[in-house]
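K.L.:
Quick one: structure below, then a few questions.
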Amino acid sequence: MAPDQDVHYGTLDLMVLGTLASMGPLHGYGIARRIEQAAAGSITLNQGTIYPALLRLEQKGWIKGSWGVSEHNRRARFYTITRSGRARLAQDADTWGRTVEMVARTLGQES
Amino acid sequence: MTALRVWLSRLGELFRHRRRDRQLRDEIQSHLDHLTDDCLRQGLSPQAARTAAHRSFGSVAAMKDIHRHQRGLPFIDALGQDARFGARVLLRQRGFAGTAILTLAVGIGLVTTFFTLINAICLRGLPVDDPDSLVFVSTIDSSGAPDGLSFRDYVEVSRAGAGVQAFAAYADAPMVIVDAEVPADRVPGTYISTGAFALLGRPPVVGREFTAADEVPGAPRVALLGDAVWASRYARDPAAIGREVEIDGQPTTIVGIVPEGFRFPAQTGIWQPLLAMPGLAAAPRGARRLAVFGRLTADASFADAQAGLDLVSADLARRDPDSNGDVRLLATPFNDRFKGNINDPAWLAFMSAGVLVLLAACINVANLLVMRSAARARELAVRASIGASRGRLVRQLLVECAVLTAAGGALGVALAAGALELLSASVPAAAPLPFWITFTMDGRVLMVVLAAAAFTVLASGLLPAWQASHRGVIQALRASGVGAASARGRRLSSGLLALQVGLSIVLLTQLALAVGGTLRWRAERVVDPARLLTGTMTLPADRYDTPDARARFDEAVAERLDALAGVEAVTIASHQPFARGLPGTLAIDGPAPSTGVEWPPVDLHLIGEDYFDALDLTMLRGRGFEPTDGTPGFDIVIVNARLVDDHFGGEDPIGRRVRLTPQDADGVEAPWLTIVGVAPTIREWSTETGRPTAYLPLRADAPSSSLLLVRTTRNPDDLAAAVREAVRTIDPALPITRVMSLAQFLHDASWNGRISASILSAATTIVFGLALVGLSAVTAHRVLQRTAELGLRLAIGASRAHVVRLVLRDVLGRVAVGVGTGILLVVALSRVFPPPAAPAEAGLSVPLAFTTVLVAVASVSLLTCLGPALRAARIDPTRALRRE
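Next comes the structure, spelled out in C-alpha cells:
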C-alpha cells in the first residue's frame, strides 16, 4: 500500500494536489514529471505509484478525472482539482508548513 | 463525510470492476507511451526507449494490484472468492451437498410454510385502511362473557362516542336471492350500517354505497353484491346495477358492487342496510346481536374511546338496570376481534414445532459438516500451514455453509409455495375460510425466511467450522485420511445426534396422543355418517312466518322423501348430530347432585320424531318422540346419557322435570319440561367425553334454518339429485344447499383439525426421518473411521458377531443419551404445556403413549444402525490393513 519509500507516506497526495492547483489540468505522466522536476533529483519516483494516489484523491472527491488528448496528440486521462480539493490543499499546506517548522526547530535545538 | 464518500465509491466499484480495469490499462499505456516518446526525443533507440519507460514507471503488475485492492472492498471480493471456491468443492461432493441441501430445504420450507400460516391467520389482519385507528366495540357482563350490542345500545353509543368519528354496526344472516332469469341462491349475507364501507376504506367499485335515504322507514329496499355473486349470477355485467331482484322474498334493487375479494366480515356476498334487518328496531335492549366498530378521530386514543364508552355504560346501567345493570362496553383494537391470537398455546406450540424441525435440520447438517471436515482435515491443515489464519478458515467453512443454505433455502421456499398451494386447494368449498385469510407469502414472510437462513448458517456452520479450524496442524498432517477425526469432533456429533433423537421423542409422543384421540373418536362414534345424506334448508321468513308453517313444510318434505326408493328413514333437525347445538343452561326440579356450577351448560337440539331412528340409535331408557309431543300439554324432553351421568348421578331421570334456557332467551322464562327418554351420547369430534345434550321436539319451535338427515340403503351421493328435486316440488323458490353425505360434511367441517393433524404428523415424520438419516450417516462414518481397527480385529480372530456388537455399542450409546434427553424434554414440556386432563375412560394415556414411542424409537434406531454394522462385519481384513 505504501508508495515509493523515498516519498514520505501522505506527502505524495499533497504534492499531487499542489501540482494540480498550480499547473491546472494534467495527465498522470505530466504530474509525475512535474513532481520529479520540482524535486530536482532529490527523490526518485516510481512513476506508477502516482496512480493509487490519484485514485485515493478521486475517491475522496478532491480531484476529478476525464479523458482528453495530450500535447503530443495522445489520448490521456486529465485530472483537475475540485473545490473541496483546494480547501483541503490549503489546510494541509498549512499543517505541513507548521510541521516542518516545528520539526526543523526541534532538530535545530538538538544539533 | 469523506469516509462515507470513499466507502460509497468503493461499493460502487464492485459493480464496474471490468470497466475500471480497462480504463486503468489504457491510462498506464498512455503513460508509458508518453515516457517512450520522451526517451525517443532524447535519442534512444525504440527498444531502449521502451525499456527505460518501463524502468521509470516501476512494476505495472504491482501497481495494478494496489490499485485494485484500494478500489473495491477486498472483504466482499474475498467472500465472492470463498463462495465460488465453496460451490466448486460442493459440486465435487454431490452426495454430501445433495443430502445437506435437501435437509435444509425441508427445514426452511417447513418454517416458511408454518410462518405463512401464522402470518395469514394471526398477523396480517383485514385488508382495510389504517386498521390501527379502528376500534371494535363489544359488551361484557359481570361473569366476563363477551357479547355484541343490541340495536338500542348501538344507537346510544353512536350518539355519544367521544374520540370516535363514526360508528358502524353489522349482523350476519343468510340471504336468499332470486330473480326472473337466475334461479335462487342462498348466500351468506350481512346487514350493515350506512357508511361502513367508507369507514373501512373499501367503497363499492361500481355503483354506490348505502345512504341515509336508504334507511328511512318505507324506503325502497336496496342491496350491495359481492364480486363473486356478481360474477356467478350476472357475469360481471355493469347493467346488474339497478336490477330488480328478490332478496328473502322482498323486491330489492342492486345499487353497487363491493371490491373483489372483500367479503367483510367473513364470507358475505350480499349486504343490505342495517335497518332492513327484520325485527331490529323492535328488539329488546337485551338482544345483543350487533357487532359494532368505529374509527378514532386523528387525535384520540383507545383510552379516550374507552372513557367515552364507560360514560355510556354507566348511563345505560342507571336507565335500564334490568338489561344493562352489569353490562360494560369495551373498546378493543379492530383486528384483535378477527385475527387469531398469536399468544394462544396452540399457535405457540405450532411455531415451536416449526422451529424444532429447522433445528433438527441444522443439527443434521452440522453433523454432516463435522464428519466432512474430519475428512477434509488434511486440506485445512495444509492451508493453515501455508499461512491461512484461523479466522480465514472459519470464514471459508461458514461461506460453504452459506452456499448450502442459499441452495437449500431457495428449494425450501419453492417447497413451501407448493405446500401452501395444496393447503389452499384443500379448503372445502362448503366451509370456506374468512376472506382475509389467504396463504400467500409477503414481505414479512420473506424477512422470516432470511432470518431462518441466517440462523441456519450460524447454527449448522459455526460449531463445525470452529471445531475444524481448531485442530492442530501437525497432528492433522501426520494423521491419515479419514481416521483424523478428533475426539472432540466425535463428542460433538454424538451430542448433536442425541439432541435430535430427543426432539423426535417429544414430537412422536404428541403425535401418538393426537392419533390415539382420533382413532378413539372413530371407534366410539355411535352414528355411521357414511349412510346419511344431509342438506341445509332455509325457509324465507315472509312465507314461513310461524313455527307451525315451518313445521308443516318440514313434515311435507319428510313425507315426500320417505317415499323415495332407497330411503330408510328421514328426519329434520336444527343441527347436525355431531355439532354443538344451541347453547343453553340447565335447571333441575328437585334433588340433584351438585356440580358446583350455578348455570350448568347444556346443548339444545331440536329434532323431528324419527331422529333417533334415522341415526339408527336405540333409546337407552324411556321412549322417543311421538306425533303429539311438542304440542301444548306435551312439554317433554329427551336427554343424553352424558347429561344423566353429570346431573342425575346416573339415576333414572324419567319423569323428572328440567328447565332449559337458551342463551339468547333475553330473560324470557323457559317452561318446565318432563324427561321421557334417555338417548345414547353422540360425542363431538373435539371433546373427550361428549357434552350434556337435551333434545326438544322440532314441532314446538321449528327453526327457519334446518338440517335434513336421510338414511339410505345405498351410496348417499346417488340420492342427492332426487332429494333436491323432491324439495323443489314442494317449494320451487327454496334453495337446498350443501347436499352431501354426513361423512363428507364432517370431513369438511373438521378441516381445521385434519390440517393440524397432518401438519403435526408432517413435522414429526420429518424430524424423526432426519434423526434416522443422521444416525445412519454417523454409523457409516464411524465404521469407515474404524475400518483399519476392525480389520485388524477380524485378522487376529474376532468373530463377525463381535464386530457387529462393537459398532452397535459405539453408536447406540449415543442413541441412549438421546432417549434420555427426550425423556427430560417431554417432562419439561409437559410442565410448560400441560396435556389435556384425560378422563378415566380415555384409552391412550400419556405414559402409555410415551412408552410406545420409546420402544418404537429404540427399535427403529437399532434397525437403522444394523445396516452399517453388518457391512462392518464383512470388512476384508487384508484390504482394510493395506489401506493404512
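Chains as they are written, first to last, in the numbering used here: chain D, 1 to 111; chain S, 1001 to 1884.
We treat Cβ as the ideally placed atom computed from N, Cα and C, and that holds for glycine.
This structure is a prediction, so every number in the text was calculated from the model and none was measured.
1) Name the one or two DSSP bridge partners that Ser1138 of chain S has.
2) Count the C-beta pairs between the segment 1224–1240 of chain S and the segment 1152–1163 of chain S that are closer than 8 Å, then say yes if the count reaches three, no if not.
3) I want to see whether chain S comes within less than 8 Å of Leu20 of chain D, judged by CB atoms only; does it?
4) Between S:Ala1795, S:Ala1858 and S:Val1817, which lies nearest to Arg1879 of chain S when the distance is taken from Cα to Cα?
5) Tell me the rounded alpha-carbon separation between Ser1150 of chain S and Ala1722 of chain S.
6) Buried or exposed for Leu1004 of chain S, please, with buried defined as at least 16 other CB atoms from any protein chain shown within 10 angstroms of its CB.
7) Quick one: using the 10 Å Cβ neighbour count with 16 as the cut-off for buried, is Leu1316 of chain S buried or exposed?
8) What does Glu36 of chain D pair with, by DSSP beta-bridge criteria?
9) When Cβ atoms are compared, which residues of the segment 39–60 of chain D fall closer than 7 Å to chain A?
10) Taking the C-alpha atoms as reference points, what is the distance between Gly1791 of chain S and Pro1877 of chain S?
11) Whose C-alpha, out of S:Leu1446, S:Arg1285 and S:Arg1786, is nearest the C-alpha of Gly1325 of chain S?
12) Find out if the Cβ-Cβ distance for the pair Phe1768 of chain S, Leu1499 of chain S is shorter than 8 Å.
13) Judging by CA-CA distance, which residue of S:Thr1737, S:Thr1534, S:Val1111 and S:Leu1854 is the nearest neighbour of Gly1412 of chain S?
14) Please compile the residues from chain D whose C-beta is within a distance smaller than 8 Å of the C-beta of Gly1058 of chain S.
15) Quick check on DSSP: helix, strand or coil for Tyr1611 of chain S?
16) Quick one: what does DSSP say Leu1433 of chain S is sitting in, helix, strand or coil?
17) Output the distance between the C-alpha atoms of Ala1287 of chain S and Leu1275 of chain S, rounded to the nearest integer angstrom.
18) Does the beta-carbon of Ile1766 of chain S have 16 or more other beta-carbons within 10 angstroms, so that it is buried, or is it exposed?
19) What's the C-alpha gap between Arg1814 of chain S and Thr1787 of chain S?
20) Helix, strand or coil for Asp1185 of chain S, going by three-state DSSP, please let me know.
21) Please decide whether Glu1260 of chain S counts as near chain D, where near means a Cβ-Cβ distance under 8 Å.
22) Quick one: give me the first and last residue of the alpha helix (DSSP H) that Asn1324 of chain S is part of.
23) Taking only beta-carbon atoms, is Glu1027 of chain S less than 8 Å away from chain D?
24) Which word fits Trp1007 of chain S, buried or exposed, when buried means at least 16 other C-beta atoms lie within 10 angstroms of its C-beta?
25) Closest by CA to Ala1196 of chain S, which one among S:Asp1141, S:Val1182 and S:Gly1294?
26) Using a threshold of 8 Å, state whether the C-beta atoms of Gly1125 of chain S and Ala1305 of chain S are closer than that.
27) Closest to Gly1261 of chain S by CA distance: which of S:Ala1771, S:Leu1044, S:Gly1226 and S:Met1351 is it?
28) Express the C-alpha separation of Phe1625 of chain S and Asp1610 of chain S in angstroms, rounding to a whole number.
29) So, are the CB atoms of Gly1207 of chain S and Ile1241 of chain S less than 8 Å apart?
30) Determine the chain S residues that contact Gly28 of chain D at a beta-carbon separation under 9 Å, and present them in chain order.
31) Between the segment 1048–1082 of chain S and chain D, which residues of the former have CB atoms less than 8 Å from a CB of the latter, in chain order?
32) Taking CB distances under 8 Å as the criterion, tell me whether Thr1332 of chain S reaches chain D.
33) Ignoring anything shorter than 3 residues, give me the beta strand (DSSP E) runs that lie fully in the segment 1094–1146 of chain S, in order along the chain.
34) Grab me the residues of Ala38 of chain D's own chain with a C-beta within less than 8 Å of its C-beta, minus the 5 sequence neighbours each way, in chain order.
35) Please confirm whether Leu1854 of chain S and Ile1505 of chain S have their CB atoms less than 8 Å apart.
36) Name the chain D residues whose beta carbon is nearer than 8 Å to that of Val1006 of chain S?
P.N.:
According to the structure shown:
1) Here residue 1138 of chain S refers to the residue found at position 138 of the second sequence. S:Leu1330.
2) Because the criterion of three Cβ pairs below 8 Å is not met, the segment 1224–1240 of chain S and the segment 1152–1163 of chain S do not touch.
3) Position 20 of the first sequence, counted from the start, is the residue given in the question as residue 20 of chain D. By this cut-off, Leu20 of chain D is not an interface position.
4) Numbered from its first residue, the second sequence carries residue 1879 of chain S at position 879. The candidate whose alpha carbon is nearest that of Arg1879 of chain S is S:Ala1795.
5) Translated into positions along the second sequence, residue 1150 of chain S becomes position 150. Translated into positions along the second sequence, residue 1722 of chain S becomes position 722. Using only the alpha carbons, I get a separation of about 43 Å.
6) Against the second sequence, residue 1004 of chain S aligns to sequence position 4. By the neighbour-count rule (16 or more Cβ atoms within 10 Å), Leu1004 of chain S is not buried but exposed.
7) To locate residue 1316 of chain S, count along the second sequence from 1; it is residue 316. By the 10 Å Cβ count, Leu1316 of chain S comes out buried.
8) The residue labelled residue 36 of chain D in the question sits at position 36 within the first sequence. In the DSSP output, where bridge partners are listed per residue, Glu36 of chain D has none listed.
9) In the displayed structure, chain A is absent; the protein chains listed are D and S.
10) Residue numbering aside, residue 1791 of chain S sits at position 791 when the second sequence is read from its first letter. Residue numbering aside, residue 1877 of chain S sits at position 877 when the second sequence is read from its first letter. Cα to Cα, Gly1791 of chain S sits roughly 4 Å from Pro1877 of chain S.
11) Indexing the second sequence from 1 puts residue 1325 of chain S at position 325. Of the candidates S:Leu1446, S:Arg1285 and S:Arg1786, the one whose C-alpha sits nearest the C-alpha of Gly1325 of chain S is S:Arg1285.
12) For the purposes of this step, residue 1768 of chain S is taken as the residue at position 768 of the second sequence. For the purposes of this step, residue 1499 of chain S is taken as the residue at position 499 of the second sequence. The criterion of a C-beta distance shorter than 8 Å is not satisfied by Phe1768 of chain S and Leu1499 of chain S.
13) Within the second sequence, the letter at position 412 stands for residue 1412 of chain S. Ranking the options by Cα distance to Gly1412 of chain S, first place goes to S:Val1111.
14) To locate residue 1058 of chain S, count along the second sequence from 1; it is residue 58. Think of a sphere of 8 Å around the beta carbon of Gly1058 of chain S: the chain D residues whose beta carbon falls inside it are Asp4, Asn46, Gln47, Gly48 and Thr49, in chain order.
15) Working through the second sequence from its first residue, we reach residue 1611 of chain S at position 611. It is helical.
16) Mapped onto the second sequence, residue 1433 of chain S falls at position 433. DSSP, read as helix, strand or coil, puts Leu1433 of chain S in coil.
17) As a position in the second sequence, residue 1287 of chain S is number 287, starting the count at 1. As a position in the second sequence, residue 1275 of chain S is number 275, starting the count at 1. Here the alpha carbons of Leu1275 of chain S and Ala1287 of chain S stand approximately 15 Å from one another.
18) Stepping through the second sequence from its first residue, residue 1766 of chain S is reached at position 766. By the Cβ-count criterion, Ile1766 of chain S is buried, with 16 or more other Cβ atoms from all chains shown falling within 10 Å of its own Cβ.
19) One-based indexing of the second sequence puts residue 1814 of chain S at position 814. One-based indexing of the second sequence puts residue 1787 of chain S at position 787. CA-to-CA, the gap between Arg1814 of chain S and Thr1787 of chain S works out to about 20 Å.
20) Position 185 of the second sequence, counted from the start, is the residue given in the question as residue 1185 of chain S. Note: Asp1185 of chain S maps to strand in three-state DSSP.
21) Against the second sequence, residue 1260 of chain S aligns to sequence position 260. Glu1260 of chain S does not count as touching chain D.
22) Taking the first residue of the second sequence as 1, we reach residue 1324 of chain S at position 324. Segment Pro1321 to Asn1324, the alpha helix (DSSP H) holding Asn1324 of chain S.
23) Your numbering for residue 1027 of chain S matches position 27 in the second sequence. When Cβ-Cβ separations below 8 Å define contact, Glu1027 of chain S makes contact with chain D.
24) As a first step, residue 1007 of chain S must be located in the second sequence, where it is residue number 7. Trp1007 of chain S sits exposed, since fewer than 16 C-beta atoms from the chains shown fall within 10 Å of its C-beta.
25) The residue you call residue 1196 of chain S lines up with position 196 of the second sequence. Among S:Asp1141, S:Val1182 and S:Gly1294, the Cα nearest to that of Ala1196 of chain S is on S:Gly1294.
26) On the second sequence, residue 1125 of chain S is found 125 positions in, with the first residue counted as 1. On the second sequence, residue 1305 of chain S is found 305 positions in, with the first residue counted as 1. No; because the gap between Cβ atoms is not below 8 Å, this pair is not in contact.
27) Taking the first residue of the second sequence as position 1, residue 1261 of chain S is located at position 261. For Gly1261 of chain S, the nearest C-alpha among the options comes from S:Gly1226.
28) Residue numbering aside, residue 1610 of chain S sits at position 610 when the second sequence is read from its first letter. Residue numbering aside, residue 1625 of chain S sits at position 625 when the second sequence is read from its first letter. Whole-angstrom Cα-Cα distance: 8 Å.
29) Position 207 of the second sequence holds residue 1207 of chain S. Position 241 of the second sequence holds residue 1241 of chain S. In this structure, Gly1207 of chain S places its C-beta atom within 8 Å of the C-beta atom of Ile1241 of chain S.
30) Position 28 of the first sequence holds residue 28 of chain D. The answer, in chain order, is Glu1027, Ile1028, Ser1030, His1031 and His1034.
31) Residues passing the 8 Å Cβ filter: Ser1056, Phe1057, Gly1058, Ser1059, Val1060, Ala1062, Met1063, Ile1066, His1067, His1069, Gln1070 and Arg1071.
32) Here residue 1332 of chain S refers to the residue found at position 332 of the second sequence. It does not; no Cβ of chain D falls within 8 Å.
33) Segments of the beta strand (DSSP E) lying fully in the segment 1094–1146 of chain S: 1134–1140.
34) Looking up residue 38 of chain D in the first sequence gives position 38. Taken in chain order, the residues that qualify are Met15 and Thr19.
35) Within the second sequence, residue 1854 of chain S is the residue found at index 854, counting from 1. Within the second sequence, residue 1505 of chain S is the residue found at index 505, counting from 1. Taking 8 Å as the Cβ cut-off, Leu1854 of chain S and Ile1505 of chain S qualify as a contacting pair.
36) What you label residue 1006 of chain S is simply residue 6 of the second sequence in a count that begins at 1. Result: Gln59 and Lys60.
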